[in-house]
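With the sequence shown counted from 1, adding 9 to any position gets you our numbering.
Note that the Cβ used here is the ideal one computed from N, Cα and C, for glycine as well.
Read through the structure below, which is laid out as structure tokens, and then see the notes.
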Amino acid sequence: MAFTAVGIALRTQLTFRRPLVFCVRKVRYSGSLAAVDLVAEPVSKHEGVFGRDNKGHEWKKLNSEVLGIETWMISKPTRLVLNGLRKKGYEVYLVGGCVRDLILKRTPKDFDIITSAELKEVRKTFVRCEIVGKRFPICHVHVNDTIVEVSSFSTSVGKSSWKLGNNFSKPSGCKGRDYIRWRNCIQRDFTINGLMLDPYAQVVYDYMGGIEDIRKFKVRTVIPANVSFVEDCARILRAVRIAARLGFRFTKETALSVRELACSVLRLDKGRILLEMNYMLAFGSAEASLRLLWRFGLLEILLPIQASYFASQGFRRRDGRSNMLLSLFSNLDKLVAPNQPCHCSLWIAILAFHKALVDQPRDPVVVAAFGLAVHSGGSLSEAVEIARGISQPYVPSFDELLEPRDIDFNDALMDDVIDLSVSVKAALCKMTDQFYVSQAMAKYPEAPYSDMVFIPWALSLRVSKIFECVGRGMERGCVPKRGKQIDYESLASGSLKEVQHLFARIVFDTIYPPHQNREKHTAT
10 MAFTAVGIAL RTQLTFRRPL VFCVRKVRYS GSLAAVDLVA EPVSKHEGVF
60 GRDNKGHEWK KLNSEVLGIE TWMISKPTRL VLNGLRKKGY EVYLVGGCVR
110 DLILKRTPKD FDIITSAELK EVRKTFVRCE IVGKRFPICH VHVNDTIVEV
160 SSFSTSVGKS SWKLGNNFSK PSGCKGRDYI RWRNCIQRDF TINGLMLDPY
210 AQVVYDYMGG IEDIRKFKVR TVIPANVSFV EDCARILRAV RIAARLGFRF
260 TKETALSVRE LACSVLRLDK GRILLEMNYM LAFGSAEASL RLLWRFGLLE
310 ILLPIQASYF ASQGFRRRDG RSNMLLSLFS NLDKLVAPNQ PCHCSLWIAI
360 LAFHKALVDQ PRDPVVVAAF GLAVHSGGSL SEAVEIARGI SQPYVPSFDE
410 LLEPRDIDFN DALMDDVIDL SVSVKAALCK MTDQFYVSQA MAKYPEAPYS
460 DMVFIPWALS LRVSKIFECV GRGMERGCVP KRGKQIDYES LASGSLKEVQ
510 HLFARIVFDT IYPPHQNREK HTAT
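Laid out in structure tokens, this is it:
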């Protein structure tokens with residue numbers, strides 16, 4: 010069985026996330042602060058401050074072209090839906106996080122459309138369209154293999170149970186269509202998600218002070234944070250996800266409420282928690298998400314096993330150091346992006362693999378051979394031969410790795426690799442055992458009690474298949490992935506070969522970092 014050399018097969022480093030830079034047309038400054046300061050000045054009749062509410066939020070209209078938003082940045086399926094509704098005479102806007110990401114020159118995870126059309130009118134406009142959801146109905150418009158979500162102003166009004174009362178008042182001069190847009194924006198979770206873009210008039214509407222918070226790199230709730238998180242505790246996890254992905258900070262009020270209401274996420278449905286965790290760990294900001302979860306006391310609630318690892322390492326809440334778990338996810342982040350995510354089976358496999366090493370540290374060569382065997386579809390003999398030939402330095406600071414030792418015979422090394430495979434599958438079982446999870450933080454009585462298991466049994470079986478190929482004779486019938494190119498469509502759908510391929514690359518680059526090898530050659 011041909012197996013590409015380690016240095017070729019597992020070394021390509023891909024970075025997809027773009028820098029946090031505002032690119033303003035006709036302006037030479039590239040710094041984000043300078044860019045936003047510039048666009049705050051009115052340059053046409055469509056721009057400027059038109060009013061202010063009683064919370065101090067300025068009601069602004071800004072030219073989207075000056076903000077650097079161009080039509081080609083909006084996905085083709087989204088443009089088709091926008092055009093289809095506009096041709097029928099309806100108002101259409103992009104709203105939420107996609108507008109924020111377009112301003113930040115980041116690739117949006119998805120595009121949300123809101124329209125003046127009723128949902129039944131949206132359904133009549135497109136052949137492949139259905140209305141989904143009972144409490145908050147929206148339309149799913151199918152364009153080829155893409156689903157574009159469309160909501161209506163008529164159904165979005167009144168979503169929030171929180172009353173305006175004395176805390177919010179309509180900005181002065183906010184009438185007619187502006188009032189309808191404003192009412193929708195105040196029901197958003199965060200100010201930076203409360204932006205609305207008319208792609209035809211080239212206007213961004215900012216009623217909540219979202220542009221100012223982008224300029225300050227802040228995550229701020231639209232309504233008081235303690236009220237917002239009580240109303241919907243899933244916003245706590247969304248706040249972490251957004252801050253991690255953008256590198257933003259919480260406002261003081263938001264940070265305080267995240268800490269105080271962290272335990273409320275236990276009320277969420279397990280499927281919802283899995284969804285939110287996948288958004289954090291599969292889209293290119295896993296390391297930052299884990300750091301924030303730990304910093305704000307959420308890790309011991311959602312992932313008690315991993316929280317006990319942080320605690321045992323003496324990791325402080327604001328610790329800037331790294332460890333093996335963070336390094337594994339840092340290497341995952343280099344290979345995925347918001348528009349090129351991985352299947353959740355990959356990051357669950359990484360958690361199980363790391364747990365196995367925490368329980369029983371291993372020789373770096375054994376770990377390397379294990380990763381190579383997973384990559385090659387179970388060819389132990391070939392994996393062992395390649396692992397023995399590795400001459401580059403490993404990371405000695407990881408407690409999960411033992412001092413290298415001489416393993417005289419390939420059979421002995423193969424046995425160690427198979428034993429590691431068994432341990433990984435056992436760790437996966439522990440992660441889905443509610444009682445085991447509940448005892449993970451038992452050494453730390455100050456930690457909140459949590460027996461949270463959000464990984465369903467069927468998914469754990471799927472993850473286990475990643476490692477089933479590692480065993481004597483198991484390589485028969487297994488065809489490994491060829492080449493270095495990542496098939497992101499297959500990766501997102503959970504293709505076994507693609508997941509195994511990335512798992513091996515992540516493990517290898519964590520144990521034997523490429524930069525460490527370069528430093529060795531430079532020193533020589």
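Quick one: is residue i buried, meaning 16 or more other Cβ sit within 10 Å of its Cβ, or exposed?
i      : result
Trp81  : exposed
Leu511 : buried
Ala421 : exposed
Trp356 : buried
Ser549 : The structure shown does not extend to residue 549, since the chain spans only 10 to 533, so no value can be given for it.
Glu296 : buried
Val108 : buried
Cys148 : buried
Gly562 : Because the chain here runs from 10 to 533, residue 562 falls outside it and cannot be looked at.
Pro405 : exposed
Val345 : buried
Leu265 : exposed
Val150 : buried
Cys194 : buried
Gly142 : exposed
Tyr102 : buried
Tyr318 : buried
Phe444 : exposed
Gly98  : exposed
Measure the alpha-carbon distance for residue i versus residue j and round it to whole angstroms.
i      : j      : result
Phe517 : Ser294 : 20 angstroms
Tyr216 : Arg247 : 21 angstroms
Ser400 : Asp417 : 17 angstroms
Ser469 : Leu307 : 22 angstroms
Met289 : Ser354 : 14 angstroms
Phe31  : Arg300 : With a pLDDT of 32 at Phe31, under the threshold of 50, the predicted position of this residue should be treated as unreliable, and no value is reported.
His242 : Leu270 : Before going on, a small fix: residue 242 reads as Cys here, not His. Cα to Cα, Cys242 sits roughly 8 angstroms from Leu270.
Ala513 : Lys118 : 26 angstroms
Pro402 : Met423 : 22 angstroms
Pro8   : Leu312 : Residue 8 is absent from the model: the chain starts at 10 and stops at 533.
His352 : Ala451 : 31 angstroms
Ser390 : Phe476 : 16 angstroms
Thr87  : Val231 : 26 angstroms
Gly77  : Asp207 : 14 angstroms
Arg115 : Ile83  : 11 angstroms
Ala234 : Phe379 : 46 angstroms
Arg224 : Gly398 : 51 angstroms
Arg34  : Ile112 : Any reading at Arg34 must be qualified, since the residue scores a pLDDT of 32, below 50, and its modelled position is unreliable; no value is offered.
Arg229 : Phe259 : 6 angstroms
Ser170 : Ala396 : Per-residue confidence for Ser170 stands at a pLDDT of 48, beneath the threshold of 50, marking its modelled position as unreliable; no derived number is given.
Cys438 : Phe362 : 12 angstroms
Ile189 : Ile123 : 12 angstroms
Ile314 : Gln448 : 9 angstroms
Phe221 : Ala252 : For the sequence presented, residue 221 should be read as Glu rather than Phe. Cα-Cα distance, rounded: 16 angstroms.
Phe324 : Ile515 : 23 angstroms
Arg197 : Gly203 : 6 angstroms
Ile245 : Lys96  : 39 angstroms
Only counting the same chain, and skipping five residues up and downstream in sequence, which positions put a Cβ closer than 8 angstroms to that of residue i?
i      : result
Pro370 : Asp408, Glu409, Leu410, Leu411
Lys54  : Note that Lys54 has pLDDT 42, beneath the 50 cutoff, so the model's placement of it is unreliable and no number is given.
Ile427 : Leu389, Val479, Gly480, Arg481
Enumerate in chain order the residues of its own chain whose CB-to-CB distance from residue i is below 7 angstroms, with the five nearest sequence positions on each side excluded.
i      : result
Cys272 : Ile310, Pro457
Glu127 : Ser161, Ser163
Gly93  : Thr134, Phe135
Ile140 : Leu128, Arg132, Pro146, Cys148
Val433 : Ala361, Phe362, Ala365, Phe476
Ser298 : Val249, Arg250, Ala253, Met289, Leu290
Throw me the rounded Cβ distance for the residue i and residue j pair, which I believe falls under 8 angstroms.
i      : j      : result
Arg144 : Cys138 : Contact flag wrong, Cβ pair sits at about 20 angstroms.
Arg268 : Trp303 : The Cβ separation is near 12 angstroms, so there is no contact.
Val472 : Val462 : Not a contact, Cβ separation roughly 14 angstroms.
Asp372 : Arg330 : In fact, because the Cβ distance is near 24 angstroms, the residues do not count as touching under 8 angstroms.
Gln211 : Asn348 : With a Cβ gap of about 24 angstroms, Gln211 and Asn348 do not count as contacting.
Ala436 : Asp368 : 7 angstroms
Val152 : Leu89  : 6 angstroms
Gln542 : His384 : Because residue 542 is not part of the residues shown, which for the chain are 10 to 533, the question remains open.
So, at 6 angstroms on beta carbons, what are the nonlocal neighbours of residue i in its own chain, with the 5 sequence-adjacent residues on each side left out?
i      : result
Thr519 : Ser336, Leu337, Asn340
His524 : none
Asp425 : Val375
Asn419 : Val393
Ala320 : Tyr453
Arg254 : Ser294
_Which complete alpha helix (DSSP H) runs does the segment 394–479 hold, if anything under 4 residues is left out?_
419–440, 443–448, 466–473
*Complete beta strand (DSSP E) runs within the segment 90–148 (minimum length 3 residues, chain order)*: 101–104, 121–124, 138–141
*asked:* Threshold first: 4 residues or longer. Then list the alpha helix (DSSP H) segments lying entirely within the segment 232–303, N to C.
replied: 234–240, 243–255, 261–269, 279–290
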